[in-house]
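Here the sequence shown is numbered in the working numbering, starting from 6 and rising by one per residue.
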Amino acid sequence: MRNLRELEEKIGYHFKEPTYIMTALTHSSYANEHKDGCKCNERLEFLGDSVLGVVVADYLFKHRPDLPEGDLTKIRSSLVCEKALCGYSKQMGVGDYLRLSHGEQNSGGRTRPSILADAFEAIIAAVYMDAGEEHGMEEARKFILKYVLPALKSARPKAFRDFKTALQEIIQQNPEERLEYVLTGESGPDHNKHFTVEVHLNSNVIGKGGGRSKKEAEQQAAREALELMGY
6 MRNLRELEEK IGYHFKEPTY IMTALTHSSY ANEHKDGCKC NERLEFLGDS
56 VLGVVVADYL FKHRPDLPEG DLTKIRSSLV CEKALCGYSK QMGVGDYLRL
106 SHGEQNSGGR TRPSILADAF EAIIAAVYMD AGEEHGMEEA RKFILKYVLP
156 ALKSARPKAF RDFKTALQEI IQQNPEERLE YVLTGESGPD HNKHFTVEVH
206 LNSNVIGKGG GRSKKEAEQQ AAREALELMG Y
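Okay, here's the thing in structure tokens:
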């Protein structure tokens, strides 16, 4: 693992209690492998997810008064989805600091989107907890907006497409065709599930996708299908 001082510089926050950031970077595979009492980051993920949602919703509500609820929801969802969180983590190089089991490291865990997304949420919670009740939310807000703000400023409702509806409209042009979404995988703790879905056209797989909800996974599967079809 690289020097945590470097990561603190990227986060923009110095931890008074290093245990918080160490826990945020500890994957469950590492904790299970070492069995030395160290905690994994799953509980911090749970807290960080809530703090992230509040900060992003608050910013959108205050800075985009022109948008209706539906558009605000679409933009928020795009900014806190697994793909977005993974991107934020990659900007920080979080993968270099993760504590993973040997098996997880060897199977590409340092670049796995779900692990990087989870770590970003856990780091949010680590900052929130370390800063304490008086300053926790403000420090977490600074960290979140440092990485999310560029995406927030460029977000436009028209950029968010309902891929499932678009795919359905195309397929309906041929009434004999049958479209079906099939759940093929489900992993992670109850508070932080990851789903994988295939979209089938008749008996053929035309797209695959993953996400933190079945709906998100279905949208990503439809998106891949549309791209493969040239739309």
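We put the CB at the ideal spot given by N, CA and C, even for glycine. Because the structure is a prediction, the values reported are computed rather than measured.
Cutoff 6 Å; reference residue i; Cβ partners in own chain excluding five residues on either side
i, result
"N8", "none"
"D123", "E50"
Assumed close pair residue i, residue j - CB separation to whole angstroms, cut-off 8 Å
i, j, result
"G53", "I129", "4 Å"
"S106", "E38", "4 Å"
"Y102", "L150", "So it is not a contact: roughly 21 Å between Cβ atoms."
"T116", "G100", "6 Å"
"P118", "E138", "Not a contact, Cβ separation roughly 33 Å."
Proximity winner among the options, relative to residue i (alpha-carbon distances)
i, options, result
"E13", "E203, E185, E144, A122", "E144"
"A136", "K21, E47, L49, K220", "K21"
"A230", "L157, I175, P23, P118", "I175"
"L206", "L172, E191, H196", "L172"
"V59", "E181, N197, M97, R146", "R146"
Burial state of residue i (16 or more Cβ within 10 Å)
i, result
"S34", "buried"
"K163", "Note that K163 has pLDDT 49, beneath the 50 cutoff, so the model's placement of it is unreliable and the number below is only indicative. By the neighbour-count rule (16 or more Cβ atoms within 10 Å), K163 is not buried but exposed."
"T170", "exposed"
"N46", "buried"
"G17", "exposed"
"T28", "buried"
"E232", "exposed"
"F125", "buried"
"V187", "exposed"
"F148", "buried"
7 Å CB neighbourhood of residue i in its chain, flanking five on each side removed
i, result
"K95", "L121"
"A222", "F200, T201, V202, G214, G215, G216"
"A36", "C43, K44, C45"
DSSP-derived helix/strand/coil call for residue i
i, result
"K67", "helix"
"K163", "For K163, the predicted model reports a pLDDT of 49, less than 50, meaning its position is unreliable; a value from the coordinates is still stated below. Note: K163 maps to helix in three-state DSSP."
"R238", "A question about residue 238 goes unanswered here, because the residues of the chain that appear run from 6 up to 236."
"M186", "Note that residue 186 corresponds to Tyr in the displayed sequence, not to Met. Y186: strand per DSSP, three-state reduction."
"F51", "helix"
"K198", "coil"
"E181", "coil"
"L206", "strand"
"K169", "helix"
"R104", "strand"
Neighbourhood of residue i by C-beta distance below 8 Å, restricted to the same chain and skipping five residues each side
i, result
"Y93", "F125, Y152, V153"
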